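Notes for the one structure printed next.
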Amino acid sequence: MPYPYGRLTDHKQARQQIARLQESLSEVDYLCSGTLLKRTKVCGKAGCRCAQDVSARHGPYYEWGHMQGGKLVHRMLSPPQAVLMQQAIDNYRRVQKLLREWEVQTERLIDAEAPRET
Ligand SMILES: [Zn+2]
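Structure (structure tokens):
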């Protein structure tokens, strides 16, 4: 490719990619780091079916674990809260991926806009 052409194409493509990334990021509402755990419990009461039958165990109970001030913090969630939290966690991973892509496109843009002197 002729010398200035590649740079212009690169510049345009990087700008377009960044615009797409910004659009994707603007659609994100729920956002949380951490992990969601789903547990069931055995109550220990005499005669309760949960002791023998796995499908009769109590729950499910949902617990969200995340880092806060360098410490792992847990919080119990209701089933409807857990559904939203799962979305928030999925979005967090998606946003991280988008940020990495933004970084790649920014490097491309910097090279196209301000090429190194040779
Ligand atoms: Zn039980």
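Just so you know, the sequence shown maps onto residues 3 to 120 in my numbering.
Yeah, the Cβ is synthetic: ideal placement off N, Cα and C, and Gly gets one too.
Just so we're clear, the structure is a prediction, and the values are computed from it rather than from any experiment.
Cβ-Cβ separation, residue j to residue i (assumed contact under 8 Å), whole Å
i	j	result
A84	L33	The Cβ separation is near 16 Å, so there is no contact.
K43	G61	6 Å
G71	G36	That pair is no contact at about 13 Å.
DSSP state of residue i mapped onto helix, strand, coil
i	result
E115	helix
T11	helix
L101	helix
R59	coil
M3	Because the pLDDT at M3 is just 44, under 50, the model does not fix this residue reliably, and the value given afterwards should be weighed accordingly. DSSP places M3 in coil when its eight states are reduced to three.
M54	Per the sequence shown, residue 54 should be read as Gln rather than Met. Residue state, collapsed to three classes: coil.
T108	helix
A201	Nothing can be reported for residue 201, as the shown portion of the chain is limited to 3 through 120.
Which residues DSSP lists as bridging residue i, in chain order
i	result
V75	H68
L33	L33 is not bridged to any residue.
L39	E65
Per-residue burial, residue i [other beta carbons within 10 Å of its own, 16 or more giving buried]
i	result
A21	exposed
M3	The pLDDT assigned to M3 is 44, lower than 50, so where the model puts this residue is not dependable, and the model offers no usable value.
A16	buried
I112	exposed
M87	buried
Same chain, Cβ closer than 8 Å to residue i, neighbours up to 5 away in sequence not counted
i	result
R51	A58
L10	A114
E103	Q19, L23
Proximal residues to residue i (C-beta, below 6 Å), its chain only, five neighbours per side dropped
i	result
Q19	Q107
P81	none
C-beta neighbour in chain C for residue i, strict 7 Å
i	result
R77	The structure shown contains no chain C; it holds only a single protein chain.
Neighbourhood of residue i by C-beta, 7 Å cutoff - its chain only, sequence neighbours within 5 removed
i	result
Y94	L33, C34, S35
V97	L27, V30, L33
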